[in-house]
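J.: Numbers in my numbering are just positions in the sequence shown, counted from 1, shifted up by 3.
Quick one: the structure is below, and I'll ask about it shortly.
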Amino acid sequence: MLEMDIDVGADFVYMAATLIHIKSRMLLPRDPALGKEGDNAEDPRQELVERLLEHERFKNAAEMLQEKRMIEENVWSNPQIKAFVSEDDDPGLAITLFDLVKAFGELVERAKNRPVYEVESGDVTVSDMVRYLKAQFEEAGDEPVFILRIFEQQRTRRAMIALFLAVLEMVRMQAVVVTQKDLFGEIALQRHSSFDAVFASGEPLAAIEKDYI
């Protein structure tokens, strides 16, 4: 019996529906009441192009993280869960990568409904966001850093994507752990016991800068 990836199928159906919608809009006669303003109307294909480009960026980032994970598993032994949670800590509910991706997707959708201000100082990078998170933890001390709050402070979608990848990198480096105290509660980042050791040298940041050129 053949099995189908639901996510891939959903993406295909969405793209097909979008293409049909675009085709129908382009076949419709232009409203003469719009006059010259109609010539400057937004190209209906632009949204699809932007979604495809964004999907490609996520796909490339996910493939790179998967490749790095496979290399590390072949070089080092896979750490036990005890390495991530100390005996004195309350681990709360188990958080998976799927939970993070789902939360991030909801944040991106929510961001579409608020004004976006482009930052003129240049494109933000993943290493920039790792430094940003490090500063947040240094300011918070032993208190958790809540993902929703720091994401809502970002002013561009690119910054949100870079921040999401920075979170994944810091979890991978065992600088932070992801926690959720209650079901459907707010997802938070907690400083790992090896946080200071991870950032004792500049090697982790240098490696991230190299990976995300």
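Cβ atoms here follow ideal geometry from the backbone N, Cα and C, with glycine treated the same way.
Name the two residues that bound the continuous alpha helix (DSSP H) containing V129.
T.: V129 to A143
J.: Should M132 be listed as close to the ligand NAP, given that the test is whether its C-beta is under 7 angstroms from any heavy atom?
T.: With respect to the ligand NAP, the structure shown offers nothing to examine, as it has no ligands at all.
J.: Give me the Cβ distance between L168 and V129, rounded to the nearest whole Å; I'm assuming they're in contact under 8 angstroms.
T.: 5 angstroms
J.: DSSP three-state call for D203: helix, strand or coil?
T.: According to the sequence as given, residue 203 is Ala; it is not Asp. Here DSSP, grouped into helix, strand and coil, assigns A203 to coil.
J.: Just grab the DSSP bridge partners of T182 for me.
T.: A191
J.: Nearest by alpha-carbon distance to V127: which of A203, A165 and G205 is it?
T.: A165
J.: Which residues bound the alpha helix (DSSP H) around E155?
T.: First-last of the alpha helix (DSSP H) with E155: I150 to E155.
J.: In angstroms with no decimal places, state the Cα-to-Cα distance between Q83 and E146.
T.: Confidence at Q83 is low in this model, with a pLDDT of 43, below 50, so its placement is unreliable and the value that follows should be read with caution. If I take the Cα positions, the gap works out to 24 angstroms.
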